[in-house]
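Residue numbers (the working numbering), protein chains in the order written: chain A, 1 to 318; chain B, 1 to 223.
Where is the CB? At the ideal position from N, CA and C, for every residue including glycine.
See below for the structure under consideration.
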Amino acid sequence: MIAIDLVQSTAEMLMKKAAIEIPDDYLTGLKAAAAAEDGDLSSFVLEAMLENYEAAKEDSRAMCGDTGCPRWYVKMGNEARIDGGPIALEAALRRATATATSTVPLRPNRVHPLWRTDHDNNVGIGAPEIEYGFEPGGDWVDLITVHKGGLFGTDYRMLFPSDGIQGIKRFFLDSLVAFGKRGLACQPAIIGIGLGGSKDACMVLGKRAACLRIVGDRNPDPKIAELEDELKALGNNIGMGAMGFVGKSMVIDCNIEVGYCHTGGMQMSVHAFCLSSRRAVARIYGDGRVEYRTDPDWFTDYQRRETVEWPQAQTKSD
Amino acid sequence: MAAGPNKIRLSTNPTDAAIAALQIGDIVYLDGTIYTAREGVYMRVVEDGVDLPIDLPAVSAANFHCSPAATQHEDGSFALGAVTATASFRFSKWIGRWLAKSGAKLIIGKGGMSPEDYRDHFVPNGAIYLTTVGYGTGALLGRGVKQVRELHWKKELGLAQAMWVIEVENFGPFIVECDHKGNSLFERENAKIAANLDAAYAGTKPAVLKRFGETDDRKDEMI
């Protein structure tokens, strides 16, 4: 049984880590981009960002003043049991979000869309979002928090099979150019692409591709992996860099996730994470151990399964 | 990095001469007092006609488009971590009346504003635009904050939209996006990048299903 107090204290720690510590995979990717960048203004911007990560860590203050919209991804091993059940779990995550907003502090970004009511704690109707996934076996729960910035760098388009790869590339470039101007997308970023599903599923896939996969990760389908490399190169060949200045750093990495879709369509979504790539992960075990990491490891073989049955799901693991 | 751009320390109540000396692409660090004001404050002052809670521009001529990652404790003291700008183009409808009313000479934000805003509102009011870097160097900017001096309209507007008055030292970096003549760094860079776009798009094709209002002229601004 996983204690609910441990869930809440771990969640509070994750809120802080996400806001303050740049994940290693993104940092390594950004350093490589900074080394390759030759636009003088773009280079200045990337160097300033590298300095900013150091300052955030040294001072234990948020990397960016816009601390994004905190959300939670919860993945449970099939054997995990949480004290108080899912209702207690959700309460703990909402409490941790509110508490961390004042203790870190984070910006209280969340308001009512019409009345602009601000509870000053990032909690409200539908906020924070809590999404779930499950894995065969395991008496653990993974808590993943992502604090993605909210306003720019995301788009959706209904494409069709006849649009093909060249249509995918076109929409990819359109999204990067449109949101890259003046740096609104806070590039260079991890770009997530969702392909297929339905409109809502496609948006979810693309967002998760951007936020729940790390730099250097590749889709297990070799042809999709090839397309990830190709799109990354394409984005970095626009001639645009950080803040929309002349340069060649737009994409730190490109991650594609797919879902089966209607036979006549080929939905596509594009999501730019940002220069602060706020994500933090912890696995809490039934015996009380907590392991922190920065790789959400969300897209397992089980999450991407395409068959009716899944053999490992049949046997209960100990 | 080569020699890199010019770096300049600037007062938050700068002289006309100090403003005229700045060129687009210069890096600026501020000393003095800044205040935050965005749509909440603009609507309250410009549309509702509520009196300003502080003496502007005497207290400060530097308006930051920002909501800080900050909180006010129950004893009234403040904790402020990181500060970063929010995108300014959304405030276009108020900026002319705001500049006239507030006497602001420095608008600090994210992403700049349109050439028309610069021509019609900034240049006549002797104001320039500074953009944050990144975005965003929130922790570096947080280091430049000496103290929060006042917080106005917290109850009326909430923490994010309230007017924060903040004392700063060596607060930056910022980049001069619009100079006193209305020249824009983003416009200049966009024009250079546009020259390469056809090559970057080579081989791709437009979607078979168009969308209403779609522009295919990638030289167009999106704001």
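- Contacts with chain B at 8 Å (Cβ-Cβ) do not include residue 31 (chain A).
- Exclusion of the five residues before and after residue 215 (chain A) leaves 25, 26, 28, 29, 190, 252 and 253 as the residues of its chain whose Cβ lies within less than 8 Å of its Cβ.
- Following the DSSP letters along the chain, one finds residue 11 (chain B) inside the beta strand (DSSP E) bounded by residues 7-11.
- In this structure, residue 59 (chain B) and residue 161 (chain B) do not form a Cβ contact; the two beta carbons are roughly 19 Å apart against a cut-off of 8 Å.
- Assigned with DSSP and collapsed to three states, residue 215 (chain B) falls in coil, not helix or strand.
- Fully enclosed beta strand (DSSP E) runs of no fewer than 3 residues occupy 251-259 and 266-272 of the stretch 221-274 of chain A, in order along the chain.
- Linking residue 135 (chain A) to residue 180 (chain B) through their CA atoms gives a straight-line distance of about 60 Å.
- With contacts defined as CB atoms closer than 8 Å, residue 63 (chain A) and residue 22 (chain A) qualify as a contacting pair.
- In this structure residue 6 (chain B) is exposed. Its beta-carbon is surrounded by fewer than 16 other beta-carbon atoms within 10 angstroms.
- DSSP places residue 203 (chain A) within a helical segment (H, G or I) once states are collapsed to three.
- Between residue 104 (chain B) and residue 61 (chain B) a beta carbon distance of about 5 Å is seen, short of the 8 Å cut, so the two are scored as contacting.
- Residue 106 (chain B) is a Cβ neighbour of residue 127 (chain B), given a cutoff of 8 Å.
- Restricting attention to B:30, B:15 and B:4, the CA atom closest to the CA of residue 130 (chain B) is found in B:30.
- Taking the CA atoms as reference points, residue 227 (chain A) sits about 26 Å from residue 245 (chain A).
- Not a single CB atom of chain A sits nearer than 8 Å to the CB of residue 129 (chain B).
- Per DSSP, residue 108 (chain B) is one residue of the beta strand (DSSP E) stretching across 106-109.
- For residue 218 (chain B), the nearest CB of chain A lies under 8 Å from its own CB, placing it at the interface with that chain.
- Listed by position along chain A, the residues whose Cβ is nearer than 8 Å to that of residue 77 (chain B) form an empty set, because the closest Cβ is around 12 Å away.
- In the DSSP assignment, residue 196 (chain A) forms a beta bridge with A:259.
- Residues of chain B with a Cβ closer than 7 Å to the Cβ of residue 166 (chain A) are, in chain order, 203, 204 and 205.
- In terms of beta-carbon proximity, residue 239 (chain A) lines the interface with chain B, with at least one pair separated by less than 8 Å.
- For the 8 Å CB-CB criterion, residue 90 (chain B) and residue 46 (chain B) do not form a contact.
- By the C-beta criterion, the stretch 274-289 of chain A is judged to be in contact with the stretch 179-198 of chain A, since at least 3 inter-stretch pairs fall below 8 Å.
- CA-CA distance, residue 175 (chain A) to residue 152 (chain A), rounds to 10 Å.
- In the DSSP assignment, residue 113 (chain B) falls outside any alpha helix (DSSP H), carrying neither H nor E.
- In the three-state reduction of the DSSP assignment, residue 101 (chain A) falls in the helix class, which pools H, G and I.
- Per DSSP, the continuous alpha helix (DSSP H) segment holding residue 42 (chain B) begins and ends at 39-42.
- DSSP links residue 155 (chain A) through a beta bridge to A:270.
- Among the CB atoms of chain B, none fall inside 8 Å of the CB of residue 232 (chain A).
- For the set B:112, B:57, B:184 and B:204, the Cα lying nearest the Cα of residue 99 (chain B) is the one of B:57.
- In the DSSP assignment, the residues bridged to residue 71 (chain A) are A:146.
- Each of B:178, B:198, B:210 and B:188 was checked against the Cα of residue 110 (chain B), and the nearest Cα belongs to B:178.
- Only those residues of the stretch 195-214 of chain A whose C-beta falls short of 8 Å from the nearest C-beta of chain B would be listed, and there are none.
- In the displayed model, residue 127 (chain A) falls within a strand according to three-state DSSP.
- Interface residue (Cβ-Cβ distance to chain A less than 8 Å): residue 37 (chain B) is not classified as such.
- Not a single CB atom of chain A sits nearer than 8 Å to the CB of residue 178 (chain B).
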